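Written out below as structure tokens is the structure these notes cover.
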Amino acid sequence: MSGMELSYRRSDLIFKRPAGTSRGVLTSKPTWFVRLDIDGHGGQGEVSLIPGLSLDPEEQIGRELDLLARRLRAEEPIRLRQFLAERGGADFSDYRSVLTDIAGILDSWQVSTDGRFPALRFALEMALLDLLSGGRQEWFASDFTRGEKRIPVNGLIWMGEAAFMQEQIEAKLAEGYGCLKLKIGAIDFDKECALLAGIRESFSPQQLEIRVDANGAFSPANAPQRLKRLSQFHLHSIEQPIRQHQWSEMAALCANSPLAIALDEELIGLGAEQRSAMLDAIRPQYIILKPSLLGGFHYAGQWIELARERGIGFWITSALESNLGLAAIAQWTALYQPTMPQGLGTGQLYTNNLPSNLAVDGGLLGVS
Numbered sequence: 010m011s012g013m014e015l016s017y018r019r020s021d022l023i024f025k026r027p028a029g030t031s032r033g034v035l036t037s038k039p040t041w042f043v044r045l046d047i048d049g050h051g052g053q054g055e056v057s058l059i060p061g062l063s064l065d066p067e068e069q070i071g072r073e074l075d076l077l078a079r080r081l082r083a084e085e086p087i088r089l090r091q092f093l094a095e096r097g098g099a100d101f102s103d104y105r106s107v108l109t110d111i112a113g114i115l116d117s118w119q120v121s122t123d124g125r126f127p128a129l130r131f132a133l134e135m136a137l138l139d140l141l142s143g144g145r146q147e148w149f150a151s152d153f154t155r156g157e158k159r160i161p162v163n164g165l166i167w168m169g170e171a172a173f174m175q176e177q178i179e180a181k182l183a184e185g186y187g188c189l190k191l192k193i194g195a196i197d198f199d200k201e202c203a204l205l206a207g208i209r210e211s212f213s214p215q216q217l218e219i220r221v222d223a224n225g226a227f228s229p230a231n232a233p234q235r236l237k238r239l240s241q242f243h244l245h246s247i248e249q250p251i252r253q254h255q256w257s258e259m260a261a262l263c264a265n266s267p268l269a270i271a272l273d274e275e276l277i278g279l280g281a282e283q284r285s286a287m288l289d290a291i292r293p294q295y296i297i298l299k300p301s302l303l304g305g306f307h308y309a310g311q312w313i314e315l316a317r318e319r320g321i322g323f324w325i326t327s328a329l330e331s332n333l334g335l336a337a338i339a340q341w342t343a344l345y346q347p348t349m350p351q352g353l354g355t356g357q358l359y360t361n362n363l364p365s366n367l368a369v370d371g372g373l374l375g376v377s
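Last residue of the sequence shown: 377 in my numbering, with the numbers rising by one and none dropped.
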């Protein structure tokens with residue numbers, strides 16, 4: 010026995026009410042909680058999948074975890090013990106090199122080296138980071154984890170009938186959010202524009218920032234006219250107006266749109282060389298980082314460096330994780346000291362979520 014053990018349990022998350030997306034309505038979401046133990050210490054992570062969006066094949070997650078567990082039991086974890094001895098309790102101002110070391114360990118374990126299981130790799134990265142902190146779920150210690158700083162976040166408005174969306178808008182405004190993000194593309198476009206017009210009648214762009222996310226709902230043919238129409242509402246940006254893998258069409262939109270465009274799904278599944286090529290071809294105004302979909306913090310951080318080199322803005326978004334994954338993503342986000350609202354959920358979507366010490370007050374996410 011090596012003294013190293015990987016265990017997991019599947020625990021699908023149940024939505025309090027059906028969640029409308031451009032890919033259909035979700036009532037539950039596949040989730041696995043993983044635990045990595047070595048020499049009496051443990052670290053936890055989360056495999057979080059979004060059906061129709063995540064690359065990881067849902068039916069293969071259990072098999073991949075079983076294969077990895079057998080390999081780890083048979084392996085003498087010399088490298089991991091050395092890593093924990095050198096990095097345990099280390100100053101996380103050097104978090105990039107810590108993540109690089111973890112990436113090397115995951116590569117040696119053959120965890121999604123072909124990019125097919127980004128959510129699974131993220132879960133193991135989380136577990137290794139948690140091991141470093143002694144299993145305290147303090148993945149990245151900072152003034153955020155100490156409760157001294159908070160992160161500005163947007164309020165998310167889910168797709169649905171106009172009345173339901175209006176109800177959500179009023180609730181988020183009452184909670185003090187200074188930025189709203191509306192999912193669009195599920196109902197009639199005229200009705201969605203009417204909702205936006207109604208918000209703008211009451212709140213100027215200086216009072217309330219509005220973002221919209223089309224999740225690829227527009228076509229290359231109708232997108233230019235729709236972007237022009239949306240621009241009259243003085244929106245901050247639109248996410249993924251057309252579906253991914255249409256680089257020339259998206260590049261034309263980014264070059265000519267009166268509205269800033271943020272790429273989301275476009276980032277999923279691209280290898281190292283493709284990432285630079287895509288950014289150079291499309292030249293978006295923003296990119297959006299979702300660690301669960303990109304293979305974890307190490308790869309998401311590489312995207313950020315590429316964006317900064319090109320003068321492209323970014324923000325970070327959770328992707329329907331449980332409170333465990335959300336906490337890790339929030340701690341990583343805080344390292345970048347964001348001043349613009351981030352897309353971090355509040356963990357209130359599910360009936361069976363894990364406990365959390367995070368709370369939003371006036372559009373600011375912090376440790377409660």
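Don't be surprised by glycine CBs; every beta carbon is placed ideally from N, CA and C.
Since the model is a prediction, treat every value here as computed from it, not as a measurement.
Could you compute how far the alpha carbon of residue 381 sits from the alpha carbon of residue 354?
A question about residue 381 goes unanswered here, because the residues of the chain that appear run from 10 up to 377.
Which residues does DSSP list as the beta-bridge partners of residue 53?
Answer is 44.
Compute the distance between the beta-carbons of residue 359 and residue 323, then report whether it is under 8 Å.
Going by C-beta atoms, residue 359 is not nearer than 8 Å to residue 323.
Answer with buried or exposed for residue 274, where buried requires no fewer than 16 other C-beta atoms within 10 angstroms of its C-beta.
buried
Taking its Cβ as the centre, do 16 or more other Cβ atoms sit within 10 Å of residue 76, making it buried, or is it exposed?
exposed
Residues that residue 326 bridges to, as DSSP identifies them
352
Going straight from the alpha carbon of residue 152 to that of residue 344, what length do you get?
9 Å
Using the Cβ count rule (16 or more neighbours within 10 Å means buried), how would you classify residue 364?
exposed
Near residue 156, what residues of its chain come up, given a Cβ to Cβ distance below 7 Å and the 5 sequence neighbours on each side ignored?
Cβ neighbours of residue 156 beyond the five flanking positions: 375, 376.
Can the beta-carbon of residue 128 be found less than 8 Å from the beta-carbon of residue 327?
no
Enumerate, from N- to C-terminal direction, the unbroken beta strand (DSSP E) stretches of 3 or more residues contained entirely within the stretch 288-328.
295-298, 322-325
Beta-bridge pairing of residue 237 - partner residues as DSSP gives them:
Its beta-bridge partners do not exist; DSSP assigns none.
When the distance is taken between beta carbons, is residue 251 closer than 8 Å to residue 232?
Yes; because the gap between Cβ atoms is below 8 Å, this pair is in contact.
Please check the pair residue 235 and residue 227, which I expect to be a contact at CB under 8 Å, by giving their CB distance rounded to whole angstroms.
6 Å
Over the uninterrupted alpha helix (DSSP H) stretch that includes residue 13, give me the two end residues.
No alpha helix (DSSP H) holds residue 13; the beta strand (DSSP E) holding it covers 13-19.
Among the residues of its own chain, which have a CB less than 7 Å from the CB of residue 315, if the five just before and after it don't count?
Apart from sequence neighbours up to five positions away, the residues of its chain that approach residue 315 with a beta-carbon distance below 7 Å are 284, 285, 288, ordered along the chain.
Go ahead and pull the three-state DSSP assignment for residue 22.
strand
First and last residue of the uninterrupted beta strand (DSSP E) at residue 247:
246-248
With DSSP as the reference, please indicate the residues paired to residue 188 in a beta bridge.
218
Whole angstroms is fine: what's the gap from residue 223's alpha carbon to residue 371's?
Their Cα atoms are separated by approximately 26 Å.
Do the stretch 44-56 and the stretch 130-146 make contact, defined as three or more Cβ pairs closer than 8 Å?
Under the Cβ criterion (8 Å, minimum of three pairs), the stretch 44-56 counts as touching the stretch 130-146.
Any idea if residue 348 is buried or exposed, counting beta-carbon neighbours within 10 angstroms, 16 or more meaning buried?
exposed
For residue 256 versus residue 297, is the C-beta distance shorter than 8 Å?
Contact: no.
Based on Cα-Cα distance, which residue from 240, 192, 82, 318 lies nearest to residue 209?
240
From the DSSP output, read off the bridge partner residues of residue 375.
368
Verify whether the separation of the beta carbon atoms of residue 190 and residue 166 is less than 8 Å.
yes
Excluding the five sequence neighbours on either side, which residues of its own chain have a C-beta within less than 7 Å of the C-beta of residue 20, listed in chain order?
40, 42
Residues near residue 48 in its chain [Cβ-Cβ closer than 6 Å; skip 5 each side]:
Closer than 6 Å at Cβ, skipping near neighbours: 12.
Once you ignore the five residues that flank residue 186 on each side, which residues in its own chain have a CB closer than 6 Å to its CB?
164, 372
Between which two residues does the alpha helix (DSSP H) holding residue 262 run?
256-265
Spatially closest choice to residue 146 from 280, 179, 335, 249, by CA coordinates
335
For the beta strand (DSSP E) holding residue 166, just list the boundary residues, first then last.
DSSP places residue 166 inside the beta strand (DSSP E), whose first and last residues are 164-166.
Under 8 Å between the Cβ atoms of residue 352 and residue 313?
no
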